[in-house]
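Engineer: The opening position of the sequence shown corresponds to residue 21 in the working numbering, with each subsequent residue numbered one higher.
Backbone N, C-alpha and C define an ideal beta-carbon position, used for all residues, glycine too.
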Amino acid sequence: MSLILFACLLDLTFGDPVYRLHPVRLIGDLSALIERQFFARGWNERWGGIAHGLLVISAVFAVWLGIRAGAAWIHPQLALLWDLYLAYSLLCLRDLLEQGRRVLRNLDDLPAARNQLTQLVGRDTAPLQRDGIVRATIESLAENLTDAVLTPLWALCLFGLPGLLAVKVISTLDSMIGYQNQRYQDFGWAAARSDDFIHWLPARLSVLVIATAAALLRLHPLLALRTAWRDHALLPSPNSAGAKPLVRRIAGAFTRSRVAQRASGQ
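Below is the structure:
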């Protein structure tokens, strides 16, 4: 419990550290290295993707346990600090909100807002006007509510640091190879299905989180629940019952309200 508390406090205080040797970047580098070796040998079928994922996860756990054992040999407290460093590095509660705020703070300067938005979305932001920027920002935050916040916290609380490591590895693999294109149609199948699995419960809990937040802010919790129930099948993902269709509707209502305010001179 102390690990969870201190990791969350560090993240909320300092944000996600940005540097070349960040654990997630190293996991991505390891995945790319193994992928190149597999493709060079023609191991690009589904079984190759499964083996790739198992090898990456095994290597990450081996490094974690190896460094932890060495740290504990020097001093037991060093092993605890190593675990805390990893937990802090793999949570990103504050940075997600900060990135959204940076976009919305620049709404009066559309080029600056579009530039900030590129930190959240992969689409071309050049054609977006004010309402489109707001929608894209809120939709991106909604998508990441599950991927970057609820699932890592759920895994850390239920399974400790091993659970957090596992879900971050799976999420990283999905972001790198979990695509339905010619290269990754088969090789990325395991990564994409594993990602669907780990987010299944947190995606559904996200609806309750949003409804609870709406109740605490005296907004419209029943609207949140009704929207999730009605629109959950609009997307092909098995986890589309979660936040994305819900917040997409809320974002549309928000932008329509802002347009109405500007039209009335408020």
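Run the CB neighbour count on Glu118, radius 10 Å, all protein chains shown included, and call it buried at 16 or more, exposed below.
Structural biologist: The Cβ neighbour count for Glu118, taken over all protein chains shown within 10 Å, is under 16; the residue is labelled exposed.
Engineer: Out of Val189, Ala210, Leu165, Leu111, which has the shortest C-alpha to C-alpha gap to Gly290?
Structural biologist: Residue numbering for the chain in the displayed model covers 21 to 286; residue 290 lies beyond these limits and cannot be assessed.
Engineer: Looking only at its chain, what residues have a beta carbon closer than 8 Å to the beta carbon of Arg66, apart from the 5 residues adjacent to it on each side?
Structural biologist: Asp206, Phe207, Trp209, Ala210
Engineer: By Cβ distance, which residues of its chain are closer than 7 Å to Arg108, with the 5 residues on each side in sequence left out?
Structural biologist: First, the amino acid is wrong: residue 108 is Tyr here, not Arg. Cβ within range, chain order: Ala27, Leu30, Asp31.
Engineer: Just the Cα atoms here: how many angstroms apart are Ala248 and Gln97?
Structural biologist: 45 Å
Engineer: Given Ile87, which residues of its chain have a CB within under 8 Å of its CB, disregarding the five upstream and five downstream residues?
Structural biologist: Once the five neighbours on either side are set aside, the close Cβ partners of Ile87 are Trp102.
Engineer: Spell out a yes or no on whether the region 213-226 and the region 167-180 are touching, meaning 3 or more CB-CB pairs, one atom from each, closer than 8 Å.
Structural biologist: yes
Engineer: Apart from the five residues just before and just after Ala52, which ones in its own chain have a Cβ nearer than 8 Å to its Cβ?
Structural biologist: Met196
Engineer: Since Ala186 and Ala175 should fall inside the 8 Å C-beta cutoff, what is the C-beta to C-beta distance between them, to a whole number of angstroms?
Structural biologist: 7 Å
Engineer: State yes or no: is the C-beta of Val123 within less than 8 Å of the C-beta of Ala133?
Structural biologist: Yes. Within cutoff.
Engineer: Looking at the unbroken alpha helix (DSSP H) that takes in Ala168, where does it start and where does it end?
Structural biologist: Element bounds for Ala168: n/a, residue is neither H nor E.
Engineer: Can you tell me the Cβ-Cβ gap for Ile54 and His72, rounded? I've got them flagged as a contact below 8 Å.
Structural biologist: 6 Å
Engineer: Is Thr192 near Ile47, with beta carbons less than 8 Å apart?
Structural biologist: Their beta carbons are under 8 Å apart, which means Thr192 touches Ile47 by this criterion.
Engineer: Quick check: what's the CA-CA separation for Leu242 versus Gly152?
Structural biologist: Distance between the alpha carbons of Leu242 and Gly152: 26 Å.
Engineer: Looking at Ser214 and Ile230, is the spacing between their C-beta atoms short of 8 Å?
Structural biologist: Contact flag unset, no.
Engineer: In chain order, which continuous runs of the alpha helix (DSSP H) of length 4 or greater are located wholly inside the region 53-85?
Structural biologist: none
Engineer: Return yes when the Cβ of Gln139 is within less than 8 Å of the Cβ of Asn126, no when it is not.
Structural biologist: no
Engineer: By Cβ distance below 8 Å, which residues in the same chain neighbour Leu50 in space, the five residues on each side in sequence not counted?
Structural biologist: Within the same chain, Leu50 has close Cβ partners Val76, Ala79, Val80.
Engineer: Alpha carbon to alpha carbon, how far is Gly183 from Glu159? Give it in angstroms, no decimals.
Structural biologist: 27 Å
Engineer: Determine the direct distance from the alpha carbon of Gly180 to that of Met21, and round the result to whole angstroms.
Structural biologist: 9 Å
Engineer: For Pro131, which residues in the same chain have their Cβ closer than 8 Å to its Cβ, ignoring the five residues on either side in sequence?
Structural biologist: none
Engineer: Just how far apart, CA to CA, sit Asp128 and Asp144?
Structural biologist: 19 Å
Engineer: Rounded to whole angstroms, what's the CA-CA distance from Arg246 to Arg238? Just pull it up for me.
Structural biologist: 17 Å
Engineer: At what residues does the alpha helix (DSSP H) containing Leu29 begin and finish?
Structural biologist: 22-34
Engineer: Smallest Cα separation from Gly69: which of Tyr204, Tyr39, Ile94?
Structural biologist: Tyr204
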